[in-house]
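Heads up, the sequence shown is in our numbering, so the first residue is 129 and it goes up one at a time.
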Amino acid sequence: MKALVANRSIVTRATNLLLGKSIGQGVSVEEVPKPTVADREILVHVHATALNPIDFKFIDFISPSGSLTGCDFAGVVAGAGPGAAAMWQVGDRVAGFVQGGIDTAHGSFAEYVKAEADLVWRIPDGVDDTEAATYGVSAVTAMQALNLHLNVPWPDHVDGTSKTDDDATIFIYAGSSTVGIFAIQIAKMAGWKVITTASPHSFDLVKRYGADHVFDYRAPNAVADIVAAFPNISKALDCFSEGDSTRFCGKVLQNSGGKVITLLDTKTKVSGVEAQMVMSFQLLGKAFSWLPPVGPKYSVSLSDREALVRFYTSLFSLAKEIKAPPITVLDNGFDGVIEGLNRLRAGKVSGSKLVVTY
């Protein structure tokens, strides 16, 4: 099959890390062996793949030369191991994500990708492949943050009762990000009030997806205005996790203390407010590490894996309520992936999710 394969040497990756920028595109289209599925795995013919910032970060700083790249995918089942045949048949429409960029076995920037049979979800009629591809890293990160770490009720276990108390209010920094858009919807399904930040040109966008109140994060009095209006918030999700964003969240929560979930390893720098990073790949139920043997290590988390199974099992129905973010489609295959990665590197993507079709 054809796949987009990482080709940076360790010297180039180390140089990129030191300089904080990319040298070259770091990938090439190559012919590689089609993945061989194990007992409880399926092979998926990829029709669409969504791009995430972590994709180019892996390629630029982490991915060993020769590794397959890409995480999110949607397509049709092309084969199944013996233990997966009872769950899936050839031709079934499915979507999910893998941890691309670390080995030669997994990567969604390819004609085919393999995945564990219970870690994909069935795409319902009315949801096309480009939409389905977006429910990968971004959607599961939102679920992981809210349902596992901030005690927001699961969207498949909501009784419809509206909640108005202070404990049912959440602050989401960068609500117009794709993680933010999914998090807003998951919180609203639970009946929670959502306070978020965005640039003024994205105010209507986040309100369209359910945000109750939105503030301009660049406004000089933004924190003070949020605290004045909502003084008892104790839960936050930082969907940016760079610069001063986690401290901003901490200051919003400073009256009540509480917890900020972050996507990178950052601190609130506010006494009494905890910051905890989540990593979507823990949901896949396998141990992994960054830049072994010196990088941070992540152990197996069976509870995270069980959460992903639960979320993807319910998503066939929930996709009618939890909508995909706005999408920008790049329909020229691997060239589109490379173009999209360069747009993400340059910070030229805002208010939509880049999706490539093959």
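The beta-carbon is built from N, C-alpha and C at its ideal position, and this holds for glycine as well.
query: Using a Cβ-Cβ cutoff of less than 6 Å, which residues in the same chain neighbour Thr390 once the five nearest sequence positions on both sides are dropped?; result: Asp366, Ser369, Thr374, Ala403 and Met405
query: Would you tell me roughly how many angstroms separate the C-alpha atoms of Cys377 and Ala302, rounded to the nearest one?; result: 11 Å
query: How many Å lie between Gly209 and Thr456 at the Cα?; result: 34 Å
query: Do the CB positions of Val307 and Ala270 come within less than 8 Å of each other?; result: yes
query: Could you give the first and the last residue of the continuous alpha helix (DSSP H) run that contains Thr467?; result: For clarity, residue 467 is Glu in the given sequence; the question names Thr instead. Segment Gly461 to Arg473, the alpha helix (DSSP H) holding Glu467.
query: In the DSSP assignment, find the unbroken beta strand (DSSP E) run with Gly207 in it and report its ends.; result: Asp200 to Ala208
query: What residue range is occupied by the uninterrupted beta strand (DSSP E) comprising Ile300?; result: Thr297 to Tyr301
query: Measuring alpha carbon to alpha carbon, tell me which of Tyr263, Val155, Lys397 and Val174 ends up nearest Pro454.; result: Tyr263
query: If the criterion is Cβ atoms closer than 8 Å, does the pair Leu419 and Ile190 meet it?; result: yes
query: For Gly475, which residues from the same chain have a beta carbon less than 8 Å from its beta carbon, with the 5 sequence-adjacent residues on both sides left out?; result: none
query: For Ala178, write down the residues that DSSP places opposite it in a beta bridge.; result: Val483
query: For the segment 242 to 293, list the beta strand (DSSP E) runs that are entirely contained and at least 3 residues long, ordered along the chain.; result: 248 to 250
query: What span of residues does the beta strand (DSSP E) with Ser330 cover, start to end?; result: Unbroken run through Ser330: none, as it is neither H nor E.
query: Quick one: Cα of Val165 to Cα of Asp372, how far?; result: 44 Å
query: Does His234 pass the burial test, meaning 16 or more other C-beta atoms within 10 Å, or should it be called exposed?; result: buried
query: Quick one: is Ile450 buried, meaning 16 or more other Cβ sit within 10 Å of its Cβ, or exposed?; result: buried
query: Could you give the distance in angstroms between the alpha-carbon of Arg433 and the alpha-carbon of Lys162?; result: 26 Å
query: Return the chain-ordered list of same chain residues with a C-beta closer than 6 Å to the C-beta of Leu147, the five sequence neighbours on each side being excluded.; result: none
query: Take the Cβ of Gly229 as the centre, count every other Cβ of all protein chains shown within 10 Å, and call the residue buried at 16 or more, exposed below.; result: buried
query: Quick one: what does DSSP say Ile455 is sitting in, helix, strand or coil?; result: strand
query: Report the three-state DSSP secondary structure of Tyr345 (helix, strand or coil).; result: coil
query: Based on the DSSP output, what are the partners of His234 in its beta bridges?; result: DSSP lists no partner for His234.
query: Give me the Cβ distance between Ala134 and Val155, rounded to the nearest whole Å; I'm assuming they're in contact under 8 Å.; result: 6 Å
query: Would you check if the distance between the CB atom of Arg250 and the CB atom of Asp284 is smaller than 8 Å?; result: no
query: I'd like the list of long-range same chain contacts for Ala260, defined as Cβ closer than 6 Å, with 5 residues on each side in sequence excluded.; result: Ala202, Ala223 and Ile251
query: In whole angstroms, give me the CA-to-CA distance for Ala339 and Thr297.; result: 11 Å
query: By the three-class DSSP mapping on this structure, what secondary structure does Lys321 have?; result: strand
query: Alpha carbon to alpha carbon, how far is Lys149 from Ile138? Give it in angstroms, no decimals.; result: 15 Å
query: For my contact list, Ser130 and Glu159 are in at a C-beta cut-off of 8 Å; report their separation, rounded to the angstrom.; result: It is worth fixing the name first, because residue 130 is Lys in this sequence and not Ser. With a Cβ gap of about 6 Å, Lys130 and Glu159 count as contacting.
query: What do you get for Ser290, buried or exposed, if any count of 16 or more other CB atoms within 10 angstroms of its CB means buried?; result: Note that Ser290 has pLDDT 48, beneath the 50 cutoff, so the model's placement of it is unreliable and the number below is only indicative. It is exposed - the Cβ of Ser290 has fewer than 16 other Cβ atoms within 10 Å.
query: Please report the distance separating the alpha-carbon of Gln272 from that of Phe439.; result: 9 Å
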